[in-house]
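One structure is given below, encoded as structure tokens.
In this note's numbering, the protein residues as written are 59 to 124.
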């Protein structure tokens with residue numbers, strides 16, 4: 059019991075942010091998410107690929123050469 063109490067006292071809460079089309083994504087359906095060496099987050103969706111720089115989305119579609 060004491061060990062569990064100590065572990066619970068040391069835990070941290072993880073913050074999550076859900077992005078949707080209202081935030082700038084081309085679709086709410088995502089397939090893959092990766093982060094590049096510059097810190098950009100790339101999101102593959104069924105309507106294209108999005109790059110998130112921490113502030114805004116830049117979307118790439120078939121018209122952009124995908």
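C-beta: ideal position from N, C-alpha, C; glycine also.
Note that the coordinates shown come from a computational prediction; the quantities given were computed from them, not determined experimentally.
Between which two residues does the beta strand (DSSP E) containing residue i stretch?
i           : result
residue 116 : 115-118
Looking only at C-alpha atoms, which of the options sits nearest to residue i?
i           : options         : result
residue 106 : 119, 123 and 72 : 119
residue 96  : 112, 83 and 84  : 112
Can you grab the Cα-Cα spacing for the pair residue i / residue j, in whole Å?
i           : j          : result
residue 90  : residue 99 : 10 Å
residue 81  : residue 88 : 14 Å
residue 104 : residue 72 : 28 Å
Using a Cβ-Cβ cutoff of less than 7 Å, which residues in the same chain neighbour residue i once the five nearest sequence positions on both sides are dropped?
i           : result
residue 110 : 98, 99 and 101
residue 86  : 78 and 79
Go through its chain and collect everything with a Cβ distance to residue i's Cβ below 8 Å, but skip five positions before and after it.
i           : result
residue 124 : 106, 107 and 118
At what residue ranges does the stretch 85-117 contain a whole run of the beta strand (DSSP E), taking only runs of 3 or more?
88-93, 99-103 and 106-110
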